[in-house]
Structure formats: structure tokens, C-alpha cells
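Taken in order, the sequence shown gives residues 11 to 305; the numbers are from the working numbering.
One structure is given here, and the rest of the page talks about it.
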Amino acid sequence: MTTSRIALVTGANQGLGRAFCDGLAARMDPQDLVLLTGRSQQRVADAAREVTQSSATRARVEGRVLDVTDTDAIARLAEDLRARYAGVDVVISNAVARLLPEESQAERADEFIDVSNAATHAILRSFGPVLRPGGRLLVVASSLGTLGHLDGRLHHLFDGASLDQVEYAVESWRSAIHHNTAQEAGWPRWLNVPSKVAQVAAVRAVAAERRARDLADGTLVAAVCPGMVDTATSRPWFTDYSQAQPPARAAEAVLDLVFAEHVDPALYGELVRFGKVLPWHDGTPPIEQDGMLVP
């Protein structure tokens, strides 16, 4: 990567996003800049100040207000970084809408899809072109993001799809939820499953177009699975949390990809967990047990 690197993390006020910022700020150089983003000005300012004041911090840290549901704001920020710094070196797309098992999935669908999927599409479209050679563009997904977790009737919507086709599939899913036809079409009730598959499919679509150029200059585009993380967002969804990691530990494997000297071509465009690829076609539809997801 070049000197004076620029890194950006979405959903960075707390939890895993905050841990990414902590780790970036500790491992980057004093002339580098970490942009900690979120939609609340006060929470962004507080978090950026706390990271700056940490004894482990070496890089500069700035807070930026960014509501990822505002796709125009994403595009403006990307253009601003192009104008100010000739691009960006690290983008970690991490924002997610918090959803509880007892809440109505259908009623929360628009917010969840906007934060997790429409924002992912916008970040890939806006930040892909401003990613500098040797950069890293990582989308945080989960192990539920492999195609086999969806009903087989839906596989054709995402397998080998372009980004436009992934967007169309997501909007079709959204429409089916609103028209109460989602389950009969094979969509699971739990939003997180198709959302994660769509995120990984979007990454794969963009990576397929960029692969040769990116591998030639050491750039990595990938989806990442940090494993089970002990956060307020994820804790309500699992009955057994004994293997959950604190956010700082979960961030380490992802940050190792950021700071790796060389890009492993086998990881490019894939869903990566702890440095290993989760095969795209693997997985089985999860089941519900006592209101919880059992993968």
C-alpha cells in the first residue's frame, strides 16, 4: 500500500466497527488517517475521541457522519476522498441494523435491507472506483452468506449474478415481503439469511469484473466473516454463546487481511473466515428453535 493511507469503517461507533477502528489506528502509521463513521454526530465524535486518546493509537483518527441508508451521501464521501486524497486504501463496510428475534421481520425489512444491502451495493459502486492500488475493500457478512443457506429455488438469482442482478433480486425479495408472498417463493422468514447471501453475491459480482487488474496490483476485494462476536446486535440470536469472541479479538483476523503484504488469489472475491474461504455453494437452510436461528 502507499504511504499516507486512508481507511474508512462504516457502523463504527461501537462493537465490531469500533474494534476495526481501534485496530487500524494501532497498526497504521502516524501520517495515516482512519475515518470512523456512523449516523449519530455525538456518538461518532465520542468514539473518535476515545480512539484518538487510546495509548495504542498511532494513526490520526477523524469522525465522519455517514448514514449508509443515504446512498447519495456514500457517493459524496467517496468523491470527497478522491478529491482530497486521490482515493482511499481501506474500506470496511460493517454497518448493520439491529434486529431482535421477537420483532416482526416483515415490519423491519425496509430498514434492514437498506442498511445491509442497499448500502453494500452503494459502497461497492462508489468506493470501488476510488480504491487505490494495493487497497482493501471488505464487506462484513457472516457464515450465513453462502448460497446453500437459501432454498434451492432462489439460487439462480445470485449464482453468477452481476451487481445489477443482485440488486434486482434484493428488491424482488423486498417486494415479496410487502406483498406477503415471500415464504411461498422460498424466501426464509429471517431477514439475515438472504441479506448475507446477497451481500456476498454483490462482492462476488464486483470482484469478477475487477479480478485481473486487482490481483496484478495487490488489491483485495472480499466478503469477511468474523465468526461469532459478542455484541448487542448478535447476542439475542444464539442460544449458545460460549464460543463468542469479544469484538477486539474478532477484528484481528479481518485486520490481518488488511495488513497482509501479499494478496492470496484464492481469497479474492470470496467469503473469508479466519483466513480460509467458505465455499460459495456450501451450507443448508438454517432452522428455527425456540425463536432462535440454529445454523
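Glycine is no exception: its CB is placed at the ideal position from the N, C-alpha and C atoms.
THR12: buried (16+ other C-beta within 10 angstroms of its C-beta) or exposed? Start at 1 with the first residue of the sequence shown, and residue 12 comes out as number 2. The predicted model places THR12 with a pLDDT of 45, which falls under 50 and marks its position as unreliable; any figure quoted below should be read in that light. Label assigned to THR12: exposed.
Would you mind giving the Cβ-Cβ distance between LEU148 and LEU141, rounded to the nearest angstrom? I have them listed as a contact below 8 Å. As a first step, residue 148 is located in the sequence shown; it is residue number 138 there, counting from the start. As a first step, residue 141 is located in the sequence shown; it is residue number 131 there, counting from the start. Not a contact, Cβ separation roughly 11 Å.
Under 8 Å by Cβ, that's how I've got HIS291 and LEU157 pegged, so tell me the actual separation to the nearest angstrom. Stepping through the sequence shown from its first residue, residue 291 is reached at position 281. Stepping through the sequence shown from its first residue, residue 157 is reached at position 147. Rounded, the Cβ-Cβ distance is 5 Å, consistent with contact.
At what residues does the beta strand (DSSP E) containing GLU181 begin and finish? Working through the sequence shown from its first residue, we reach residue 181 at position 171. First-last for GLU181: 173-188, but that is the alpha helix (DSSP H), not the beta strand (DSSP E).
Let's test the definition: count the other Cβ atoms within 10 Å of the Cβ of LEU110 and tell me whether it reaches 16, buried, or not, exposed. Taking the first residue of the sequence shown as 1, we reach residue 110 at position 100. LEU110 comes out exposed.
Cβ neighbours of VAL287 in the same chain (closer than 8 Å, five flanking residues each side left out): Taking the sequence shown and counting its residues from 1, the one referred to as residue 287 is at position 277. These residues qualify, in order along the chain: ALA276, LEU277, GLU280 and LEU281.
LYS286 bridges to which residues according to DSSP? Numbered from its first residue, the sequence shown carries residue 286 at position 276. Paired residue(s): ARG283.
Measure the alpha-carbon distance for SER14 versus GLN255 and round it to whole angstroms. One-based indexing of the sequence shown puts residue 14 at position 4. One-based indexing of the sequence shown puts residue 255 at position 245. Roughly 31 Å separates the two Cα atoms.
Given ALA116 as reference, the closest of ASN104, SER185 and CYS235 once Cα atoms are compared: Taking the sequence shown and counting its residues from 1, one reaches residue 116 at position 106. Cα-wise, what sits closest to ALA116 is SER185.
Give the DSSP bridge partners of ARG146, in chain order. If you number the sequence shown from 1, residue 146 lands on position 136. Beta-bridge pairing links ARG146 to VAL100 and LEU230.
Compare the Cα-Cα distances from ASP161 to each of VAL273, THR294 and PHE284 and report the closest residue. If you number the sequence shown from 1, residue 161 lands on position 151. Nearest C-alpha to ASP161: THR294.
What three-state label does DSSP hand ALA195 in the structure shown? Locating residue 195 in the sequence shown gives position 185, where the first residue counts as 1. Correct three-state label for ALA195: coil.
Excluding the 5 residues flanking LEU225 on each side, which residues of the same chain have their C-beta closer than 7 Å to its C-beta? Looking up residue 225 in the sequence shown gives position 215. Correct list, in chain order: VAL273, PRO275 and TYR278.
Which term fits SER50, buried or exposed, when burial requires 16 or more other beta carbons within 10 angstroms of its beta carbon? The sequence position of residue 50 within the sequence shown is 40, counting from 1. By the neighbour-count rule (16 or more Cβ atoms within 10 Å), SER50 is not buried but exposed.
Do THR20 and CYS103 come within 8 Å of each other at the CB atom, strictly closer than that value? For this step, residue 103 is matched to residue 93 along the sequence shown. For this step, residue 20 is matched to residue 10 along the sequence shown. As written in the sequence, residue 103 is Ser, which differs from the Cys given in the question. Yes, they are a contact pair.
Does GLN255 come out as helix, strand or coil in the three-state DSSP assignment? Working through the sequence shown from its first residue, we reach residue 255 at position 245. Strand, per DSSP.
Taking ALA58 as the reference, give the member of VAL78, ASP32 and LEU76 with the closest Cα. Locating residue 58 in the sequence shown gives position 48, where the first residue counts as 1. Among VAL78, ASP32 and LEU76, the Cα nearest to that of ALA58 is on ASP32.
Using C-beta distances below 6 Å, list every residue in its chain close to THR81, excluding the 5 sequence neighbours before and after it, in chain order. Taking the first residue of the sequence shown as position 1, residue 81 is located at position 71. Closer than 6 Å at Cβ, skipping near neighbours: ALA132.
May I ask you to report which of helix, strand or coil DSSP gives MET11? As a working mapping, residue 11 is identified with position 1 in the sequence shown. Below a pLDDT of 50, predicted positions are generally treated as unreliable, and MET11, at 44, falls in that range; no measurement from the model is reported.
For GLU194, which option in ALA211, GLY170 and ARG163 has the closest C-alpha, if you only look at C-alpha atoms? Here residue 194 is taken as the residue at index 184 of the sequence shown, counted from 1. The option with the nearest alpha carbon to GLU194 is ARG163.
Start-to-end residues for the beta strand (DSSP E) that takes in ARG70: Within the sequence shown, the letter at position 60 stands for residue 70. Its beta strand (DSSP E) spans residues 70-75.
Assuming ALA17 is part of the beta strand (DSSP E), what are its boundary residues? On the sequence shown, residue 17 is found 7 positions in, with the first residue counted as 1. Note, ALA17: beta strand (DSSP E), 16-19.
In the structure shown, what three-state DSSP assignment does GLY239 receive? As a position in the sequence shown, residue 239 is number 229, starting the count at 1. The sequence given here places Val at residue 239; Gly does not occur at that position. Note: VAL239 maps to strand in three-state DSSP.
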